[in-house]
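Chains as they are written, first to last, in the UniProt record's numbering: chain A, 1 to 302; chain B, 1 to 265. All C-beta atoms in this analysis are idealised placements derived from N, C-alpha and C, irrespective of residue type, glycine included. Working notes, structure below.
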């Protein structure tokens, strides 16, 4: 058995002449929250639709729980819950009726509908027509619909779109709970790195249909080399002194000098050296390169 | 089979609060009530004609049948084909529908069957209400001769013909509504088709039976009456019906291939 909930092998997908996904090799480990990152139009939604077999992939390029998707469509879909783009909701039905309809289609107990409404905090709005819902409520209902079959794998396409900060935190906690307590695997797409960083255990960065990075969140952090920021008096003199002492200076403002961080010991030594030479240190700290910038760097270079 | 049944139940559940569903009930109730009211309030005029039972039934049932066959039936069928598909277009739910663990054939077939079922319910109600209201008229106005003739064969045959002859239009409109995500295009095409159908059918054009839209009108034209036979005991499976069924079958299969190839964007 494969250890991946999702595995794509050199996946290619075109709309006519336009290449949407190019040589994409996703590997989503079981039990992970996989943050699928990319700017708008990078091919995230297309990829998710391929994973749902809504768009037909070439044979032997997409495997869900180790099974080829085209030849195991129904068995695979039974194990997946999905929220694709804006939630697909029947506007003339209430939230509860939308869930009951899904229960009918899945052949599960209708009581599950109430359970799901409570889970996403829509119990009070259960009998309200869903086209009267706010964007955030629709999004929650969409998530409830994705969860109703109790799937092992959840594909969530920008699930926090349109949610307020409270809602975003709830969704975040829900995702963590689902993976930690219920052993689910979640693939969550977003164009916001900060959002993914808070929950994801694994990250894939896609741009123009190509995967630029894939690995654990720690590996992503490693990519961003940490820096040492020193707040010091006499910035000019201090930087001249450091340069003469053979240190590489990354940047300098009128208050701070930034150097590459190598280790805690080295930072200590540097501190001692500056003090011994009559400089006053106000602060000294390790600064990680902003992931947002890293993301931009990675996607820009492509 | 189970997934077709599940999908069918879901179609019913989704549509039960929509106009499309209620139209199947309101349309026959409305039209039959109107005609019945006409026969009730204008009973003196009708009684002057001194119709025997059979002719009275023909003029009474014919009042509904002619309007239905000519104009309302094609439009009703178009509207059904449109509604069943539009519920997914409008809510952008094709993607979730096809992401369910159900085979595409079941989903497609259930939608088609649901439209067929609605048309069947509608026409069944027409026949039943015509029968029932006819007898009600008899009870209200005892001078009427409704009780002299049993119209059930005539009603069943007529409405069965109307039902079968409209399946060709249904399949055609079903595909149009499946592909085109708006109201005007499929209904517009259907409207032009219906006008063409009515014109060609009433002109008795030789090849009118090849146009699906003219089939309901053609099916209701009584063509040959054999001597000594009950003129209302006509053949159901006439050429128009076979044409309609052929159209229905071929286009149903074609629609399925469209569904399997359809990219859900």
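Residue burial classification, residue i (beta-carbon count within 10 angstroms, cutoff 16)
i, result
"residue 61(B)", "buried"
"residue 198(B)", "buried"
"residue 237(B)", "exposed"
"residue 225(A)", "exposed"
"residue 182(A)", "exposed"
"residue 223(B)", "Reliability of the predicted coordinates at residue 223(B) is poor, the pLDDT of 49 falling under 50, and the value obtained from them is presented with this limitation in mind. Exposed is the call here."
"residue 49(B)", "exposed"
"residue 248(B)", "buried"
"residue 1(B)", "exposed"
"residue 52(B)", "exposed"
"residue 142(A)", "buried"
"residue 332(B)", "Given a span of 1 to 265 for chain B in the structure shown, any question on residue 332(B) remains unanswerable."
"residue 264(A)", "exposed"
"residue 192(B)", "exposed"
"residue 260(A)", "exposed"
"residue 71(A)", "exposed"
"residue 236(A)", "exposed"
"residue 74(B)", "buried"
"residue 254(B)", "exposed"
"residue 225(B)", "Caution is warranted here: a pLDDT of 49 is assigned to residue 225(B), below 50, making its placement in the model unreliable, and the coordinate value is therefore given only provisionally. With fewer than 16 other Cβ atoms within 10 Å, it is exposed."
"residue 16(B)", "exposed"
"residue 111(A)", "exposed"
"residue 37(B)", "exposed"
"residue 98(A)", "buried"
DSSP bridge partner residues for residue i (one or two, in chain order)
i, result
"residue 7(A)", "27(A), 63(A)"
"residue 154(A)", "81(A), 186(A)"
"residue 260(A)", "227(A)"
"residue 248(A)", "In the DSSP output, where bridge partners are listed per residue, residue 248(A) has none listed."
"residue 68(A)", "63(A)"
"residue 34(A)", "187(A), 202(A)"
"residue 15(A)", "18(A)"
"residue 94(A)", "129(A)"
"residue 284(A)", "230(A)"
"residue 213(A)", "205(A)"
When the options are compared against residue i, the one with the closest alpha-carbon
i, options, result
"residue 177(B)", "153(B), 111(B), 133(B), 214(B)", "111(B)"
"residue 167(A)", "186(A), 191(A), 139(A)", "139(A)"
"residue 97(B)", "114(A), 78(A), 111(A)", "78(A)"
"residue 153(B)", "200(B), 46(B), 131(B), 216(B)", "131(B)"
"residue 59(A)", "51(A), 68(A), 174(A)", "68(A)"
"residue 304(A)", "29(A), 246(A), 213(A), 190(A)", "Absent from the model: residue 304(A). The displayed extent of chain A is 1 to 302, so no value can be given."
"residue 243(B)", "183(B), 102(B), 211(B)", "211(B)"
"residue 385(A)", "247(A), 273(A), 186(A)", "Any answer about residue 385(A) is impossible in this case: the structure gives chain A only from 1 up to 302."
"residue 81(A)", "229(A), 155(A), 130(A)", "155(A)"
"residue 260(B)", "274(A), 144(A), 188(A), 54(A)", "54(A)"
"residue 40(B)", "136(B), 204(B), 166(B)", "136(B)"
"residue 155(B)", "104(B), 43(B), 20(B), 54(B)", "54(B)"
"residue 295(A)", "217(A), 4(A), 273(A)", "217(A)"
"residue 36(A)", "187(A), 160(A), 94(A)", "187(A)"
"residue 160(B)", "35(B), 202(B), 146(B), 116(B)", "116(B)"
"residue 30(A)", "64(A), 279(A), 164(A), 12(A)", "64(A)"
"residue 258(B)", "205(B), 27(B), 175(B)", "175(B)"
"residue 63(B)", "80(B), 14(B), 181(B), 34(B)", "34(B)"
Residue i CB to nearest heavy atom of the ligand NAP below 6 angstroms
i, result
"residue 128(A)", "Summarising the ligand content, the structure contains no ligands, and the ligand NAP is consequently not present."
Problem set entry | Contact list for the region 103-115 of chain A against chain B, Cβ threshold 8 angstroms | 104, 105, 106, 107
Exercise. Would you say the region 80-92 of chain B touches the region 273-288 of chain A, given that touching needs at least three Cβ pairs under 8 angstroms?
Worked result: no
Exercise. What residues in the region 6-18 of chain B bring their beta carbon closer than 8 angstroms to a beta carbon of chain A?
Worked result: 6, 7, 9, 10, 13, 14, 17, 18
For this session: Could you list the residues in the region 45-66 of chain A with a C-beta less than 7 angstroms from some C-beta on chain B, going in chain order?
Result: 49, 52, 54, 55
Exercise. The region 92-113 of chain B: which residues have C-beta closer than 7 angstroms to a C-beta of chain A, in chain order?
Worked result: 92, 93, 95, 96, 98, 99, 100, 101, 102, 103
Exercise. For the region 253-269 of chain A against the region 177-196 of chain A, are there 3 or more C-beta pairs whose distance is under 8 angstroms?
Worked result: no
Problem set entry | Residues of the region 169-203 of chain A with Cβ closer than 8 angstroms to any Cβ of chain B, in chain order | none
Exercise. Mind listing which residues of the region 75-89 of chain B have their C-beta closer than 8 angstroms to chain A's C-betas, in chain order?
Worked result: 87
Exercise. For the region 200-218 of chain A against the region 7-25 of chain A, are there 3 or more C-beta pairs whose distance is under 8 angstroms?
Worked result: yes
Exercise. Counting Cβ pairs, one atom from each stretch, are 3 or more of them under 8 angstroms apart for the region 39-53 of chain A and the region 90-107 of chain A?
Worked result: no
Exercise. Name the residues in the region 268-292 of chain A whose C-beta lies less than 9 angstroms from a C-beta of chain B; which are they?
Worked result: none
Exercise. Is the region 265-278 of chain A in contact with the region 216-224 of chain A, if contact means three or more CB pairs nearer than 8 angstroms?
Worked result: no
For this session: Assess, as a yes-or-no matter, whether the region 180-191 of chain B is touched by the region 134-142 of chain B under the definition of 3 or more beta carbon pairs within less than 8 angstroms.
Result: no
Exercise. Are the region 7-17 of chain A and the region 172-181 of chain A touching, with three or more C-beta to C-beta distances below 8 angstroms?
Worked result: no
Problem set entry | Three or more C-beta pairs below 8 angstroms linking the region 119-136 of chain B and the region 114-126 of chain A | no
Exercise. Counting pairs of Cβ atoms below 8 angstroms between the region 101-117 of chain B and the region 7-14 of chain B, do you hit three or more?
Worked result: yes
For this session: Give the residues from the region 148-163 of chain A that approach chain B closer than 7 angstroms (Cβ to any Cβ), ordered along the chain.
Result: none
Exercise. For the 8 angstroms Cβ check, are there 3 or more pairs between the region 84-94 of chain A and the region 112-123 of chain A?
Worked result: no
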